[in-house]
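K.L.:
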Amino acid sequence: MHIPDGYLSPSTCGVMYFLALPFWSGALIRLKAVLSTRVVPLLSLFAAFSFVVMMFNLPLPGGTTGHAVGMGIATIVLGPAASILAISIALLVQALFFGDGGISTFGANCFNMAIAGSLVAYAVYRLVGAGASLTARRRVFAAGVAGYIAINVSALLAAIEFGIQPALFRDASGAPLYCPYPLSVSIPAMMIGHLTFAGLAELIVTAGLVSYLQRADPSLLRITAPEAPDRDCPREAGEAVRWPAARKLWLILAIVLVITPLGIVTAGSAWGEWSAQDFENPGARREMAAASRHQAPPSHAPKGLQRLSSLWTAPISGYAPRFVKNAYFGYFASAMTGVGIIILFVLFLSRVFRARARNPKRQRASFLEKTMSGFIRATQHAIFAEDLARSDGLLQRFDPRVKLTGTLALIVACVASRRLIVLAALLLFACLLAFLSHVPLKTLLVRVWLAVLGFTGLIALPAVFLTPGVMLARVPVVDWPITVQGLRTAAFLILRAETAGTYSLLLILCTPWIRVLKSLRFFRVPALFVLIVGMTYRYLFLLLQIAEEMFEARRARLVGVLQPSERRRLLAGTAGVLLDKSLQLSSEVHAAMQARGYRGEVHLLEDIRMLPADWLRLGAAAGISVLAIWFGR
Amino acid sequence: MNANRPNSPVFHLEDVVFRYGAVTALDGFSFEVNHGESVALLGANGCGKSTLLRILAGLSFPAAGRVTFCGQALTAERLADASFSTQFRRRVGLLFQNSEVQLFNATVFDELAFGPLQLEWPRDRIRKTVSDLLEVMGIAHLKDRAPHRLSGGEKKRVALASVLILDPDILLLDEPTAALDPASQSQIFDLLISWRNSGRTVILATHDLDNLEDIAGRCAVFDRGRIVAEGAPLDILHDVALLERIQLVRPHHHKHEPGAAQPHPHPHLHTGE
């Protein structure tokens, strides 16, 4: 049921992410209230449990495989909100580290299994088990039914997402771009397996664990059964789950973990989880056809599928680490690794949230407020940069048009250059220009080099490991190969971005904004546009300042902490006021322009003149760019 | 258009009604200003002073009533005429209450050059006029600065300069000294006094009663969209009951050292004695 990258169109993926988003944020908000010691160990427990349960593959009719998800038991013990998060975390770790389920389809997989699964399980369990005491037989029955229906709803949703692809997304020749099988195939193929074996597995897991908990520690069933009579299990003060109680569940997890290699016994793959290469492989093709009502798959992997399937290469693809020879041990090691990652992840999350909950007085500014003041500071920084722009350096003396064209030419040169040495020379030249223009290297370091390294480095890093070529070394533990080509690719990416960034910053630092604007006039940009851009730049500050003052005024009048909902409402109100103020401002400014003779046509003073020296400088910049492109071929 | 003739009305308003939605800002308003006069408009916040100035500047047009400028009707249609509006804009300058609104250019130099550019003066003349005025106003050192980075007093001076650049003979000033420090205020007052003596027409809205006699020959007192009193500054300033009614002064405790001369240029209510 883990839809891989490529089986859903990007638009479908976007819609599914969009659908999942409110549930995630809702679950997080609900959880924050109870995220004390109580839920954290349980959440990681069930995330880990769900992760491991999904590794137990069962043979399904038609030659494919399926598995339980664990959404039933997670929902019953944790409640739907925490269950949504627990299963989403399990799915995230599977997708990121083990290549089970795609990155683009992560939203869809979470929506099917974590969100719909948890909510359906919750509804069914509350409905069927209503009023029964915590240790009643009916709770076991309710749990089984809840798990069975939940996993089938998830499978049906996945089948629908698969099945609508060929109807919606085809290339010019009419061949499907993503999942090739229509609803008439996907629904039976998915549902037959889940209505029988996989559903049964979920039923047994859920009912069995509830029955076990009834005897071991009924208080763990309290969250989703608040109305149950207290006969068997008196409510404890503070409702805190004692650690020993949860320890029993950890024990179960450990046992399940140890026997994970059993999950690998089943050969074959799940329906709709074939790799792009499987479409070319006769054996795999036979299996695909057998599982899909004997409809042969297209002779080549659909184009969109092929393209998207290489979106992400998981470090331990298919739960089989490359350095482990024994497949069973590899599977077990993967399960251990996954559980470890999940526990760390949940601990990290709880750290973050708890740190916030602990300091209610030191109220943190909301995200938007923070971004806003950060933006204001950054832009004001841009203005302070004008001090540098007005100092007497080399670049400062250049005509702005020369600087604009020259910078563009040099950036083109560094994008076009295919030799590292040329890129390095261009970067060196940029440093020389910076030195001659009194730009401190520290400014470049902080505002370009480190920032660009952070962003590009993140993008370039996987290239070090993923680019095929001559192997240089292997990373210990994870065993990723480092290739010469990979290092070269990463170096190129980073150096290119650094060089282009340095030139852009030099242009910005050494040219007052108004001069850049005026030089636009030279390139025949209409005067009205130039005026509007200039005014936007100017009034943006004013509005941002008003906004910041409004936020500050609000904060000054607040005592204590605001509920998130109240904070959002206030923010919306502020945005409304700001819009009103900006409308007022624009009509006032228009009046002010009219009062000074503006009649709908703008006249600007163009007081910059190209001197012979400027032509010379322009020539020099062009020459260097051409040379760089020539040598960098 | 008429040349400056002393004692002929520059602006003549008759039964002017102006509404902002349901709110009536001017309600059957009649008013006249002659050449060379300097008139202070007094009144509490929201009494219609700014609205009147916008109408005089040809930015807003009344729902009913008649407005004439030098004997010609001042209407939206009239201002659509290029030659009329060029003349009108050059002769009538409006200083906005909010300098932020008035300063929309990227540098102080551009700010001053904006008006002349729109009236299509020759470029060389613009450069010279702007440089001269920057010197006269004592803001030459701000020439390349961004107007929005200036202090409140500097902004006001730049805004004034951007109005004066066209050498208008009728100045409309909306609370020119509000929110300025005493030094900046007195600079503005000095300018106002010099214009008054040079025969320009000045109409200013103000709350400032301290310097009224120096800057205005006539006061018009507003209340709720109508003129409730008109007269020489001193007559108005001595009508304490009126000033109190329109909320320009209010009783407050106020003591004098025994034997000290009464130093106030305007009346106070000495309730504390």
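Going line by line, the protein sequences match chains A and B.
When you line the first sequence up against this note's numbering, it's residues 46 to 678, in that order.
When you line the second sequence up against this note's numbering, it's residues 4 to 276, in that order.
Cβ atoms here follow ideal geometry from the backbone N, Cα and C, with glycine treated the same way.
These figures come from a predicted structure and were not determined experimentally.
#1: What residues in its chain sit with their C-beta under 6 Å from that of residue 354 of chain A, if we drop five residues either side in the sequence?
#2: Along chain E, which residues have their Cβ under 9 Å away from the Cβ of residue 104 of chain B?
#3: Report back the beta-carbon spacing between residue 325 of chain A and residue 345 of chain A to the nearest angstrom; my notes put them in contact at under 8 Å.
#4: State yes or no: is the beta carbon of residue 174 of chain B nearer than 8 Å to at least one beta carbon in chain A?
#5: For the stretch 44-78 of chain B, enumerate the residues whose C-beta is nearer than 9 Å to any C-beta of chain A, in chain order.
#6: Taking 7 Å as the limit between beta carbons, can you name the residues of its chain near residue 556 of chain A, skipping five residues before and five after?
#7: Are the CB atoms of residue 110 of chain B and residue 149 of chain B nearer to each other than 8 Å?
#8: Where DSSP assigns a beta bridge to residue 70 of chain B, which residues make up the other side?
#9: Answer yes or no: does any C-beta atom of chain A fall closer than 8 Å to that of residue 89 of chain B?
#10: Cα separation between residue 132 of chain B and residue 97 of chain B?
#11: What does residue 516 of chain A pair with, by DSSP beta-bridge criteria?
#12: Can you name the start and end residues of the alpha helix (DSSP H) that residue 556 of chain A belongs to?
#13: Please confirm if residue 438 of chain A has its CB atom under 8 Å from at least one CB of chain B.
#14: Since residue 225 of chain B is in the alpha helix (DSSP H), which residue starts that stretch and which ends it?
#15: I'd like to know whether the C-beta atoms of residue 159 of chain B and residue 120 of chain B end up nearer to each other than 8 Å.
#16: Cβ of residue 154 of chain A within 8 Å of Cβ of residue 47 of chain A?
#17: Measure the C-alpha to C-alpha separation of residue 407 of chain A and residue 381 of chain A and round it to an integer number of angstroms.
#18: Extract the residue ranges of the alpha helix (DSSP H) inside the stretch 160-193 of chain B, only unbroken runs of 4 or more that lie entirely within it.
#19: Quick check on the burial criterion: 16 or more other C-beta atoms within 10 angstroms. Buried or exposed for residue 629 of chain A?
#20: Quick one: residues in its chain with C-beta nearer than 6 Å to the C-beta of residue 259 of chain A, no 5 flanking neighbours on either side, listed in chain order?
#21: Please list the partners that residue 65 of chain A has in chain B, where partner means a Cβ-to-Cβ separation under 8 Å.
#22: Less than 8 Å separating the beta-carbons of residue 175 of chain B and residue 59 of chain B?
#23: Give the residues of chain B in contact with residue 644 of chain A, contact being defined as C-beta atoms less than 8 Å apart.
#24: Buried or exposed: which applies to residue 283 of chain A, given that a residue is buried once 16 or more other Cβ atoms fall within 10 Å of its Cβ?
#25: Taking only the alpha-carbon atoms, compute the straight-line gap between residue 442 of chain A and residue 102 of chain B and give it to the nearest angstrom.
#26: From this set, A:516, A:439, A:469, A:548, which residue's C-alpha is nearest residue 452 of chain A's C-alpha?
#27: Whole angstroms is fine: what's the gap from residue 223 of chain A's alpha carbon to residue 232 of chain A's?
#28: Please state the DSSP three-state secondary structure of residue 23 of chain B.
#29: Determine whether the Cβ of residue 107 of chain B lies closer than 8 Å to any Cβ atom of chain A.
#30: Taking only beta-carbon positions, decide if residue 274 of chain B is within less than 8 Å of chain A.
#31: For a test of the three-state rule: what should DSSP assign to residue 136 of chain A, helix, strand or coil?
#32: Within its chain, find whatever has a CB closer than 7 Å to the CB of residue 171 of chain B; leave out the 5 residues flanking it on each side and keep chain order.
#33: With a threshold of 8 Å between beta carbons, is residue 99 of chain B in contact with chain A?
#34: If you run the structure through DSSP and keep just helix, strand and coil, what is residue 644 of chain A?
#35: Quick one: which residues of the stretch 326-359 of chain A get their C-beta closer than 8 Å to a C-beta of chain B? List them in chain order.
#36: Here's a check: name, in chain order, each residue in its chain whose Cβ is nearer than 7 Å to the Cβ of residue 329 of chain A, leaving out the five neighbours to either side.
P.N.:
On the basis of the data shown:
#1: 50, 51, 321
#2: Absent from the structure: chain E. Protein chains present are A and B.
#3: 7 Å
#4: no
#5: 57, 60, 61, 62, 63
#6: 434, 445, 448
#7: yes
#8: B:16
#9: yes
#10: 19 Å
#11: A:528
#12: Looking at the DSSP string, residue 556 of chain A is not in any alpha helix (DSSP H), and its letter there is neither H nor E.
#13: no
#14: Counting along the chain, residue 225 of chain B falls outside any alpha helix (DSSP H), though it belongs to the beta strand (DSSP E) covering 221-226.
#15: no
#16: yes
#17: At residue 407 of chain A, the pLDDT of 41 sits below 50, so the modelled position is not reliable; the number obtained from the coordinates is stated separately. Whole-angstrom Cα-Cα distance: 39 Å.
#18: none
#19: exposed
#20: 180
#21: Those within 8 Å of residue 65 of chain A in chain B number zero; the least Cβ separation is about 44 Å.
#22: yes
#23: 85, 88, 121
#24: Low confidence applies here, because residue 283 of chain A scores a pLDDT of 42, under 50, leaving its location unreliable and the question unanswered by this model.
#25: 33 Å
#26: A:548
#27: 16 Å
#28: strand
#29: yes
#30: Below a pLDDT of 50, predicted positions are generally treated as unreliable, and residue 274 of chain B, at 47, falls in that range; the measurement from the model is reported next regardless. By this cut-off, residue 274 of chain B is not an interface position.
#31: helix
#32: 93, 94, 95, 96
#33: yes
#34: coil
#35: none
#36: 319, 323
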